[in-house]
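Going down the list, the sequences are from chains X and Z.
For the first sequence, our numbering begins at 199 and goes up steadily by one.
For the second sequence, our numbering begins at 199 and goes up steadily by one.
2 protein chains.
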Amino acid sequence: MTPSNERADLVFEPSGRQVRVPVGVTLFDAASWNGIAIDSTCGGHGTCKKCKVRVLEGDAPVTSLDTRAFHTEDLREGWRLACRVEARGDLRVDVPPLTTRPKAATVGVGRKVILRPAVQKRFVELSEPTLKDQRADLERLLDAMDDLELRTDLFALRAIGPALRAADYKVTAVVVDDVLVAVEPGDTSERLFGIAYDLGTTTVVATILDLATGTPLAVQSMLNRQQQSGADVISRISTIMLDPTALGRLTTHAHETLDELTAAVCEEAGVEPREVYEIAVAGNATMTHIALGIDPEPLGVAPFVLTTRAFPELLASDLGVKVHPRARAVVFPAFGAYVGGDITAGLLAAGMDRDQRTRLFIDIGTNCEIVLSSDAGLLVTAAPAGPAFEGASIRCGMRAAKGAIEAVKMTPEDLALQVIGEAEPKGLCGSGLVDAVAELVSLGFIEASGRFVTEEAARDLAPELAYRLTTVGEERVFVLHWLREPGDVERSIYLSQRDVRELQFAKAAIATGWTLLLEDAGVAVEDVKQVLLAGSFGSYLSPASAVRLGLVPELPVLRVVSAGNVAGEGAKMALLSVRERAGAVALLEEVNYVELSDRPDFNDRFVDRLSFPV
Amino acid sequence: MTPSNERADLVFEPSGRQVRVPVGVTLFDAASWNGIAIDSTCGGHGTCKKCKVRVLEGDAPVTSLDTRAFHTEDLREGWRLACRVEARGDLRVDVPPLTTRPKAATVGVGRKVILRPAVQKRFVELSEPTLKDQRADLERLLDAMDDLELRTDLFALRAIGPALRAADYKVTAVVVDDVLVAVEPGDTSERLFGIAYDLGTTTVVATILDLATGTPLAVQSMLNRQQQSGADVISRISTIMLDPTALGRLTTHAHETLDELTAAVCEEAGVEPREVYEIAVAGNATMTHIALGIDPEPLGVAPFVLTTRAFPELLASDLGVKVHPRARAVVFPAFGAYVGGDITAGLLAAGMDRDQRTRLFIDIGTNCEIVLSSDAGLLVTAAPAGPAFEGASIRCGMRAAKGAIEAVKMTPEDLALQVIGEAEPKGLCGSGLVDAVAELVSLGFIEASGRFVTEEAARDLAPELAYRLTTVGEERVFVLHWLREPGDVERSIYLSQRDVRELQFAKAAIATGWTLLLEDAGVAVEDVKQVLLAGSFGSYLSPASAVRLGLVPELPVLRVVSAGNVAGEGAKMALLSVRERAGAVALLEEVNYVELSDRPDFNDRFVDRLSFPV
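Dropping the structure here:
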């Protein structure tokens, strides 16, 4: 598949709002993605014929549906159904005012999303059958919703007769996308919920949403139960490669994790699990493969191939989630083995494809995903940063848990630590590591090459901190915190020369990634208008330290923004809007994946990027 | 839904074959239904662009797909894709000769069906992935089959990676309709099977077919395990209405019956159950509702409504059939509560919608379904014949099993019986009952009114048989067979006056049905060119006796034909051809259902039809 970078410029009147979209996107989608409301009940399937707009300038061929929706005179004046007009070139379009104001919610990185969940409920009051009107139950119901063209699930077929007869032919139809999944007695149209999951290698987060209002009702997180089979994706893939029974076990652990969170958020929100009709899951490729029972082995060995980029129609039950038995599951598609659905979700939340600014999106972790948006389109790559940020290869390293030093400040006179849970420090987590090295570089205790200066030089630079620069065995260290009496180096929390090297390698890998993307796109560093730090680690990282170390391009620090859990935000957006969801799939076609592992210039750039900026 | 009776006349050159089809049918379907082969690999989905034909006369608008498949010059000359041309008026079309001869099989009532099963296997040899070609496994496979546009089942996603890597990227893709359901290592393309079921209230029959050749490999039948919950549909519905746990139990019994037959036919044919990728089920509305776990109660009480006429996409596992885990199930759609999928299948097998002759289709049973095809389109009704033909309300009645008198011949001198299994007679089954009454009417022993003549009159008519006309208790009887010594009437097999009355009522109900259909269509009895007797009972019935009694219209006996198990044949056709299957759904739209129970003229006609023709 060749990604297309062709764009069309659209102007929506009367607001005059300008929008740039990939060629082929419909006017309806383009408007919806940009928060411009166009009337519709079918959500762009061409059945309700309500999304009438007038094309003022540009070419919009008449479709067969248009001829059914409009008189010849109207067609001549440019009236079209917005869901049928594909932007093939620039267009200026007039959007009639709405009679009712659509609901919208703010999610993602300040994205305003018009609510149009795939889940819809319709309360209908039907006439009872007679010998003169022997329409089948299903026909009777579908006739009352003839703006939709629906497929029917067997579950709904089993439910429809009893529901009709239990509630005097007054029932609520539950539709997910274009499938009638359930029929409930009486009016339950206010009760529809969805759950968004950020399925991380380490931590899994679930958010339950009221799909009628867009409101998050409860959030819960827990450690992924697969932890017992390895801390990172490579060790989990290894476990599966070595033991033929392991895939089934890890799949079960993923299901248990998701389902435990499901029960917890439903309970907290006061929602019955059967009122949850759709879930959305954002996770990296290994996590989604395993959760669906698909062998992840090819993700772990060259040439690193996915089983599939986009997933077919799935059920929540395929992921072990016990909600409505026919609830659907949206699993975010992946760009490549190391740029997974979590990144697709993150790009969606960040609106990386909807923005004319040149931006960098960096999700820092063991595997670091980097995306550049520019006039050259979207370029994406994965850089192997190694486990330094997880604290795994660091002498006094630990996860970002209670007792971890998460931030460090130094002046020549003093050193201040910020510890998670305001406890006695137990170790150094990723953000603390980055801070510590950045501060020591600023102080001059670490040279551009990454080496600690001599103790003599340290005494000249900052006499009150110099005593902390000492040795453990053969290795030079800088002590951050004395656990016992000062001087008991063995039982202190310190940063070692090797730790600095680990961080250097990690940051060089990342910096090589964005350097090559910038080169490929022909973009200069100073043209980057925003750097989004994503992922659970990125969100805790100090933008100033990231700039100081060269982890991100050397830019004014205000251009570097922590974006938070963008994967989870993307999953919420998918639940709230079928348009946004379609945008995630469209992203696959727009992105060019840059594989670093076979680039001849990789090593050169890597060596260039090892040292710290001075 | 208003059935359309509009037809278009098509002429296919060079054969000059004339075909009459409902307006809206595509040229591809029209040709395929009538055994005229047009090239295609995608089966009419508009993706392979091979079904090129030239429209010589009539109107066939150019579609967007045509513009991609042909040059302007070709379009001007009338070239079109046959799968995109909907017959809106009369057309004359030239079909290019095929380069390879399509396979065909004869099924149904002498129907020649071009093999185009929904199940397809494709053996593909793929290139291995490299760092330069990191396409996902699924993409790689689908790229090799780009004449198809497929959805993918999760099962296939789980299978694809292991299959590719186990067999050096040489695999067989299994496609059912437009879904990739499995990927198998190596070349298994010759092994694809389907099972057709006739799901009767009493008896269930399964036939396994080789879908590559159209050959039936094994047939097995057994009693429906639901028998223990009642002999007929009404008693089964009553069981379910009285006991909230009964639906689950009866559904399980249906599943057990279908699955036991499945194992038996697979075993006999030497086929692994996992090599069966599709099943087709023809059954009456009550049987299909229960088998799918849908409450049949509304079928049993006025106003007699179905839950649905046509069924959605189903899996064999929804019917408890253990074949390939993602095998599909086609369940025949029903016209009404008492004209079920068995009749739809029968009409398909009989080609009732493809024939310009005026024909009657009569499926005789407790509930008798009658269909009239004529210039007025297809009219269908259900007549409540009661249990006489099942032997249930007949003094010496029994099922058509070993020991049942199934045929009777009489001359004034002699009486001959034909007994199932060449055993000592134990009772009288439906066809024997009809024969016995017909022969006695011919002999003059039964009057047109249905009354036995006096013993004196009998002696005049046939002295050698007159002694058989005697009494049991108060009731007059005709003895067919003495079990002990002649004269021991109590222990003989006889036909009673009340039995004759039962048969009269049954035949009057049926005859009223076809009388009203003929009247509604404006067709005279003598214009009926063929009467098809369908169903397991109809097949055993003597056409001569049926005419003699007025069970069918008074026509030359050669026009009355036993059609055999047409429901099972229809199910086979659905497996062998997606075109025929689509025809079954199209039938729903073509048929006008005539409800007898609220007709004011029903009783008049019924009384007219009580007496026997003289």
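For each residue, glycine too, the CB sits at the ideal point set by N, CA and C.
- Around the CB of Tyr665/Z, fewer than 16 other CB atoms lie within 10 Å, so the residue is classed as exposed.
- When secondary structure is reduced to three states using DSSP, Glu673/Z falls in the strand class.
- Counting only the Cα atoms, Arg278/Z lies some 7 Å from Val253/Z.
- With a cutoff of 7 Å on beta-carbon distance, Ala452/Z and Ala769/Z are scored as not near each other.
- Taking a contact to require three or more Cβ pairs closer than 8 Å, the segment 728-743 of chain X and the segment 755-769 of chain X qualify as touching.
- For Phe226/Z, the enclosing alpha helix (DSSP H) begins and ends at Leu225 to Trp231.
- In the three-state DSSP reduction, His679/Z falls in the strand class (E or B).
- The C-beta of Gly498/X comes no closer than 7 Å to any C-beta of chain Z.
- Annotated as distal: Met343/Z and Arg363/Z, with beta-carbon spacing of 7 Å or more.
- Using a Cβ-Cβ distance cut-off of 8 Å, the segment 421-436 of chain Z and the segment 405-413 of chain Z are not in contact, since fewer than three pairs of beta carbons, one from each stretch, lie closer than that value.
- At a cut-off of 7 Å between beta carbons, Thr304/X makes no contact with chain Z.
- Contact between the segment 564-576 of chain Z and the segment 535-551 of chain Z is present, with at least three C-beta pairs closer than 8 Å.
- The three-state secondary structure of Ser734/Z, taken from DSSP, is helix.
- DSSP lists Arg252/Z as the bridge partner or partners of Trp277/Z.
- Approximately 5 Å separates the beta-carbon atoms of Glu476/Z and Arg526/Z; this is inside 8 Å, confirming the contact.
- If you check the CB distance, Gly306/Z and Glu767/Z come in under 7 Å.
- Interface with chain X (7 Å Cβ-Cβ cutoff): Asp540/Z is excluded.
- Nearest in C-alpha terms to Gln554/X, of all of Gly534/X, Ala334/X, Asn763/X and Gly575/X, is Gly575/X.
- Take the alpha-carbon of Leu497/X and the one of Gly491/X: they are about 14 Å apart.
- Shown here for Leu715/X: same chain residues with a beta carbon closer than 7 Å to its own, the five before and five after excluded, namely Ile568, Leu570, Leu577, Thr579 and Val792 in chain order.
- Any Cβ of chain Z closer than 7 Å to the Cβ of Thr505/X would place that residue at the interface, and such an atom is present.
- Judged by beta-carbon spacing, Pro811/X lies within the 7 Å limit of Gly748/X, meaning their Cβ atoms are closer than that value.
- The segment 427-442 of chain X and the segment 515-526 of chain X do not touch, with fewer than 3 CB-CB distances between them shorter than 8 Å.
- Per the Cβ contact rule, the segment 711-730 of chain Z is not in contact with the segment 648-663 of chain Z (fewer than 3 Cβ pairs under 8 Å).
- In this structure, DSSP gives Thr668/Z an extended state, which the three-state scheme calls strand.
- Nothing from the segment 550-583 of chain X brings a Cβ to less than 8 Å from some Cβ of chain Z.
- Of the residues Pro327/X, Cys627/X and Asn801/X, the one whose Cα lies closest to the Cα of Ala581/X is Asn801/X.
- Where Ala371/X is concerned, the enclosing beta strand (DSSP E) starts and stops at Lys368 to Val374.
- The three-state secondary structure of Ser694/Z, taken from DSSP, is strand.
- At least one CB atom of chain X sits nearer than 7 Å to the CB of Gly359/Z.
- Under the three-pair Cβ rule at 8 Å, the segment 453-468 of chain X counts as touching the segment 408-422 of chain X.
- Along the segment 775-795 of chain X, the positions whose C-beta sits under 7 Å from a C-beta of chain Z are Glu793 and Ser795, read in chain order.
- Where Asp292/Z is concerned, the enclosing beta strand (DSSP E) starts and stops at Leu289 to Asp292.
- Restricting attention to beta strand (DSSP E) runs no shorter than 3 residues, the segment 372-397 of chain Z encloses them at 377-383 and 391-397, ordered along the chain.
- DSSP places Asp408/X within a strand segment (E or B) once states are collapsed to three.
- Collapsing the DSSP output to three states places Val307/Z in coil.
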